[in-house]
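Enquirer:
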Amino acid sequence: MKASSFPRVCRAWNLDTSEMLSPEKLVTLGLTISPDGLPAYRDRPFPVVLMWFSGKVDHAGKHIFEGDICKVEVDTGFGSVTIDYGIMRWNEGIGAFMLMIPSAVGGHMLNVIKVELLGNEFENAELVPLVKSDEPALESESMNG
4 MKASSFPRVC RAWNLDTSEM LSPEKLVTLG LTISPDGLPA YRDRPFPVVL
54 MWFSGKVDHA GKHIFEGDIC KVEVDTGFGS VTIDYGIMRW NEGIGAFMLM
104 IPSAVGGHML NVIKVELLGN EFENAELVPL VKSDEPALES ESMNG
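Its first residue numbered 4, the sequence shown is counted upward by one per residue in the numbering used here.
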């Protein structure tokens, strides 16, 4: 399969080399995705963490994958905007990707005006504290579409 025809459905973090692998690099290394969604290797398996494309993009058109950390501008509903942070995760309960915003409280949907991709949990460990919390996370309303 040519790299240009490989579906851009996932990228992967190589656990051996601590390297983010693009869809094109995955093809070069002999990894493809089988119809059941599992990795298939041409030669020998290598340990990766697959990160699926969420189907969402940020304000600049960058694709947001599982594990990506985003800065969000949230309309407070009172004529002002607040800055928050979220991480893209798969929610099995509803069968969809959600931008999880751990600081959100109150059990309501957030009106996100702008989303900016900052990095991901593997390459940008310094961002992880922004999105780790014991509070329940909520999905943003504008990212649900």
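Note that the Cβ used here is the ideal one computed from N, Cα and C, for glycine as well.
Judging by CA-CA distance, which residue of HIS62, PHE56, PRO42 and LEU29 is the nearest neighbour of ALA99?
Expert: PHE56
Enquirer: Pick helix, strand or coil for TYR44, following the three-state DSSP scheme.
Expert: strand
Enquirer: Less than 8 Å between the CB atoms is what I'm expecting for ILE72 and LEU18, so what's the real figure, rounded?
Expert: Not a contact, Cβ separation roughly 19 Å.
Enquirer: Fully enclosed by the segment 67-109, which alpha helix (DSSP H) runs are 4 residues long or longer?
Expert: none
Enquirer: Alpha carbon to alpha carbon, how far is SER25 from LEU53?
Expert: Rounded to the nearest whole angstrom, the C-alpha separation of SER25 and LEU53 is 11 Å.
Enquirer: Candidates GLY40, GLU22 and GLY33: which alpha carbon is nearest CYS13's?
Expert: GLY40
Enquirer: Helix, strand or coil for LYS135 per DSSP?
Expert: coil
Enquirer: Within 10 Å of its beta-carbon, does ILE104 have 16 or more other beta-carbons around it, so buried, or fewer, so exposed?
Expert: buried
Enquirer: In this structure, does DSSP put THR31 in helix, strand or coil?
Expert: helix
Enquirer: Sort LEU130, ASN114, GLY122 and LEU32 by Cα distance to GLU76 and report the nearest one.
Expert: ASN114
Enquirer: Compare the Cα-Cα distances from LYS65 to each of LEU29, LYS135, GLY82 and ASN123 and report the closest residue.
Expert: Comparing alpha-carbon positions, the option among LEU29, LYS135, GLY82 and ASN123 lying closest to LYS65 turns out to be ASN123.
Enquirer: When the Cα atoms are used, what is the spatial distance from PRO42 to LEU32?
Expert: If I take the Cα positions, the gap works out to 12 Å.
Enquirer: Going along the chain, which residues of its own chain have a beta-carbon closer than 6 Å to the beta-carbon of ILE116, five neighbours each way excluded?
Expert: GLU76 and ASP78
Enquirer: Assign LEU130 to one of three DSSP states: helix, strand, or coil.
Expert: Helix, per DSSP.
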